[in-house]
Amino acid sequence: DTTVKQNPRYKLARVGKPVNLICSQTMNHDTMYWYQKKPNQAPKLLLFYYDKILNREADTFEKFQSSRPNNSFCSLYIGSAGLEYSAMYLCASSTTYSGNTLYFGEGSRLIVV
Amino acid sequence: GNSVTQMQGQVTLSEEEFLFINCTYSTTGYPTLFWYVQYPGEGPQLLLKVTTANNKGSSRGFEATYDKGTTSFHLQKASVQESDSAVYYCVLGDGGNYQLIWGSGTKLIIKP
Chain A
117 DTTVKQNPRY
127 KLARVGKPVN
137 LICSQTMNHD
147 TMYWYQKKPN
157 QAPKLLLFYY
167 DKILNREADT
177 FEKFQSSRPN
187 NSFCSLYIGS
197 AGLEYSAMYL
207 CASSTTYSGN
217 TLYFGEGSRL
227 IVV
Chain B
77 GNSVTQMQGQ
87 VTLSEEEFLF
97 INCTYSTTGY
107 PTLFWYVQYP
117 GEGPQLLLKV
127 TTANNKGSSR
137 GFEATYDKGT
147 TSFHLQKASV
157 QESDSAVYYC
167 VLGDGGNYQL
177 IWGSGTKLII
187 KP
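Residue numbers (my numbering), protein chains in the order written: chain A, 117 to 229; chain B, 77 to 188.
In C-alpha cells form, the structure reads like this:
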C-alpha cells in the first residue's frame, strides 16, 4: 500500500487564526515532507523530517511549524494564517531506498479569508 | 545553482496525436531526473525517472531521454488519450532525497 493520507482535504480559516494539517503514511518511510502548491506554480518545499530531525527551508522558517510524534505521522502548523497562505498543501514521504521517489497525498486545500 | 525550465505552460492536443513536452535543466552534478504527473484532484505521482546510469526511462507509453549534451529531458508519447490530461512536472534531484528542483509544470489538455 503506497498511500499517504491527508486531513482535512479542505480547510477554511480566518485571517489570524491557527491552522493544523495532518498527514500519515503506513509505508514506514523515514522522510516526510510538506510542500505548498499555488496555481500555476511548482510545488515549493516548506520543510521535511528525516526520522526525527526537522529541516525547514530558510525562507519559510518562521512561518510554519511541524511535529512528527512517530514514524507514520506528521503535522503542519500555521500559528496565524494570512491571506498569502491560501494554497494546496501537499504531504509526501520517501525512503532512503526509494531512490528519491516521493509518494504524495491528495493534498489539503487551505483557503484563508 | 540548479534549475529546471519548462517553457510550455500548456499544451493542447487531440486524441492520438504525438506529445512532446520540453524540459531543460542546469546542474553541476550528476542528477537523477524525474517526470511527475498530477491528475485533477490528486497529488503528484511519479511517472518515470532516469539516472546517469540508464539515460532513458519509459512508463505507460511515455518516454524521456536524459541528454547531457543538450541538458534536456523532454517527455514524449506517441499517441495521447483523454486520460492523459494532467499537469506534468519535470524534476531534478541532486544530492539527496530533499533536494528536488521542480519545473513550473506543463498542463496537457486533450480535446475529445
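A virtual CB, placed ideally from N, CA and C, is assigned to each residue, including glycine.
Inset, instruction - Give a yes or no on whether 9 Å exceeds the smallest Cβ distance from Tyr-142(B) to chain A. - result: On the second sequence, residue 142(B) is found 66 positions in, with the first residue counted as 1. Tyr-142(B) does not count as touching chain A.
Legend entry - Rounded straight-line distance, which links the Cα of Ala-162(B) to that of Pro-116(B): In the second sequence, the residue the question calls residue 116(B) occupies position 40. In the second sequence, the residue the question calls residue 162(B) occupies position 86. Between Pro-116(B) and Ala-162(B), the C-alpha separation is close to 7 Å.
Inset, instruction - Would you check if there are 3 or more beta carbon pairs closer than 8 Å linking the segment 95-110 of chain B to the segment 148-157 of chain B? - result: yes
Legend entry - Touch test, the segment 141-160 of chain A against the segment 202-211 of chain A, Cβ-Cβ under 8 Å, three pairs minimum: yes
Inset, instruction - Find the residues of chain B that neighbour Phe-220(A), judging by a C-beta separation of less than 7 Å, and give them in chain order. - result: Taking the first sequence and counting its residues from 1, the one referred to as residue 220(A) is at position 104. Residues of chain B passing the Cβ test: Gly-119, Pro-120, Gln-121.
Inset, instruction - Taking only beta-carbon positions, decide if Asn-186(A) is within less than 9 Å of chain B. - result: On the first sequence, position 70 is the one that residue 186(A) refers to. Output row for Asn-186(A): interface = no.
Legend entry - Delimiting residues of the beta strand (DSSP E) encompassing Cys-207(A): Numbered from 1 along the first sequence, position 91 holds the residue referred to as residue 207(A). Here the beta strand (DSSP E) through Cys-207(A) covers 203-210.
Inset, instruction - Pull up the DSSP beta-bridge partners for Gly-133(B), would you. - result: Taking the first residue of the second sequence as position 1, residue 133(B) is located at position 57. Looking at the DSSP assignment, Gly-133(B) forms a beta bridge with Ala-140(B).
Inset, instruction - Could you tell me whether any Cβ in chain B is nearer than 9 Å to the Cβ of Gln-141(A)? - result: The sequence position of residue 141(A) within the first sequence is 25, counting from 1. So no, Gln-141(A) is outside the interface.
Inset, instruction - State yes or no: is the beta carbon of Thr-217(A) nearer than 9 Å to at least one beta carbon in chain B? - result: The residue you call residue 217(A) lines up with position 101 of the first sequence. For Thr-217(A), the answer is yes, since a Cβ of chain B falls inside 9 Å of its Cβ.
Legend entry - Reference Pro-142(B); option with closest CA among Gly-169(B), Gln-121(B), Gln-157(B), Ser-180(B): Position 66 of the second sequence, counted from the start, is the residue given in the question as residue 142(B). For the sequence presented, residue 142(B) should be read as Tyr rather than Pro. The shortest Cα separation from Tyr-142(B) among Gly-169(B), Gln-121(B), Gln-157(B), Ser-180(B) belongs to Gly-169(B).
Legend entry - Beta-ladder partner(s) of Gln-86(B), from DSSP: One-based indexing of the second sequence puts residue 86(B) at position 10. DSSP lists Lys-183(B) as partners of Gln-86(B).
Inset, instruction - Assuming Met-143(A) and Cys-190(A) form a contact by the criterion Cβ under 8 Å, report the distance between their Cβ atoms to the nearest whole angstrom. - result: Taking the first residue of the first sequence as position 1, residue 143(A) is located at position 27. Taking the first residue of the first sequence as position 1, residue 190(A) is located at position 74. The Cβ separation is near 13 Å, so there is no contact.
Inset, instruction - Check whether the Cβ of Gln-157(A) lies closer than 9 Å to any Cβ atom in chain B. - result: The count along the first sequence starts at 1 and reaches residue 157(A) at position 41. Judged by the 9 Å Cβ criterion, Gln-157(A) is in contact with chain B.
Legend entry - Own chain, CB closer than 6 Å to Arg-184(A), minus 5 neighbours either side, in chain order: In the first sequence, counting from the first residue as 1, residue 184(A) sits at position 68. Cβ neighbours of Arg-184(A) beyond the five flanking positions: Tyr-165, Cys-190.
Inset, instruction - Determine, using beta carbons only, whether Leu-161(A) comes closer than 9 Å to chain B. - result: Indexing the first sequence from 1 puts residue 161(A) at position 45. Interface residue, yes.
Legend entry - Neighbour list for Leu-206(A) in chain B, Cβ cutoff strictly below 8 Å: Translated into positions along the first sequence, residue 206(A) becomes position 90. Going along chain B in sequence order, the residues near Leu-206(A) (Cβ under 8 Å) are Gly-119, Pro-120.
Inset, instruction - Determine the contact status of Tyr-201(A) and Val-229(A), defining contact as a CB-CB distance below 9 Å. - result: Against the first sequence, residue 201(A) aligns to sequence position 85. Against the first sequence, residue 229(A) aligns to sequence position 113. No; because the gap between Cβ atoms is not below 9 Å, this pair is not in contact.
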